[in-house]
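*Asks:* My structure is below; once you've seen it, I'll send some questions.
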Amino acid sequence: MIDDNSRLGLSLGVCPQHNVLFSMLTVEEHIWFYARLKGLPEEQVKGEIEHILQDTGLQHKRRSRTSTLSGGMQRKLSVALAFVGGAKVVILDEPTAGVDPYARRGIWDLLLKYRQGRTIILSTHHMDEADILGDRIAIISHGKLCCVGSSLYLKNQLGSGYYLTLVKKDPEPSLSSCRNSSSTISFNKKV
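The sequence shown maps to residues 1 to 191 in UniProt numbering.
Structural data, given as structure tokens:
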């Protein structure tokens, strides 16, 4: 049973929606801590630290406490920590939530780099993110699985498009004579 648990620890990585970082530890200390926690032998930890620092672009922040990092850097580190030790199955809960577009793209690049030979399960509210990162996409609404498939399959089955409803509000009561009889304009376009 112990052998199975230790193998599970090495093969599974998780990044929750909110960062799990210790404000008093540096970037390097975080990678060391997670590597040792996942059972990586001491002689492999230094290489893992260098690898993660290189892939995240955080080499210049290696000795900085995580509390001094920008929100985007903290999130990128949190996502990268899920891959420490070569995890084969990685679960990411909204990995780009709350980051700016530049940091979001950096996290995408990291995930695209790390996806080879792994199963990555991620939740997102961004369809463009699912389209770029996902081989298979599952759409869940109100706790129920609605559909599953590749991006192309889902687009072919469900179509793509948008609905735009404009509601005209009368800014001044004196302009009521200029008002159209219809105050709602609907626009529907299939893309």
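Beta carbons: idealized from backbone N, C-alpha and C, even for Gly.
Report the three-state DSSP secondary structure of residue 144 (helix, strand or coil).
*Replies:* Strand.
*Asks:* Is DSSP giving residue 55 helix, strand or coil here?
*Replies:* Helix at residue 55.
*Asks:* Quick check: what's the CA-CA separation for residue 91 versus residue 133?
*Replies:* Taking the straight line joining both Cα atoms gives about 13 Å.
*Asks:* Consult DSSP for residue 68 and reduce its assignment to one of helix, strand or coil.
*Replies:* Looking at residue 68 - three-state DSSP - the assignment turns out to be helix.
*Asks:* Give the straight-line distance between the Cα atoms of residue 98 and residue 144, rounded to the nearest whole angstrom.
*Replies:* Approximately 25 Å between the Cα atoms of the pair.
*Asks:* Alpha carbon to alpha carbon, how far is residue 35 from residue 93?
*Replies:* The alpha-carbon atoms of residue 35 and residue 93 are separated by roughly 21 Å.
*Asks:* From residue 165 to residue 80, what distance separates their C-alpha atoms?
*Replies:* Cα-Cα distance, rounded: 41 Å.
*Asks:* Looking only at its chain, what residues have a beta carbon closer than 7 Å to the beta carbon of residue 83, apart from the 5 residues adjacent to it on each side?
*Replies:* The answer, listed in chain order, is 13, 90, 114.
*Asks:* Run the CB neighbour count on residue 24, radius 10 Å, all protein chains shown included, and call it buried at 16 or more, exposed below.
*Replies:* The residue is exposed, with fewer than 16 neighbouring Cβ atoms inside 10 Å.
*Asks:* For residue 28 and residue 53, what's the separation of their Cα atoms in angstroms?
*Replies:* Computed Cα separation, rounded: 8 Å.
*Asks:* Does the distance from the C-beta atom of residue 77 to that of residue 95 stay below 7 Å?
*Replies:* Against a cut-off of 7 Å, the Cβ pair of residue 95 and residue 77 comes out as no contact.
*Asks:* Starting from the C-beta of residue 17, find all residues in its chain whose C-beta is less than 7 Å away, skip the five residues before and the five after it, and write them out in chain order.
*Replies:* Excluding sequence neighbours, residue 17 sits near 93, 94, 97.
*Asks:* If we call anything under 7 Å between Cβ atoms a contact, is residue 20 one with residue 32?
*Replies:* No, the Cβ-Cβ distance between residue 20 and residue 32 is not below 7 Å.
*Asks:* DSSP has residue 45 in a bridge; who is on the other side?
*Replies:* Bridge partners of residue 45: none, in fact.
*Asks:* Using C-beta distances below 8 Å, list every residue in its chain close to residue 103, excluding the 5 sequence neighbours before and after it, in chain order.
*Replies:* Taken in chain order, the residues that qualify are 70, 71, 72, 73, 75, 76, 96.
*Asks:* Buried or exposed for residue 126, going by 16 or more other Cβ atoms inside 10 Å?
*Replies:* The residue is exposed, with fewer than 16 neighbouring Cβ atoms inside 10 Å.
*Asks:* Alpha carbon to alpha carbon, how far is residue 155 from residue 131?
*Replies:* Spanning the two alpha carbons is a distance of roughly 10 Å.
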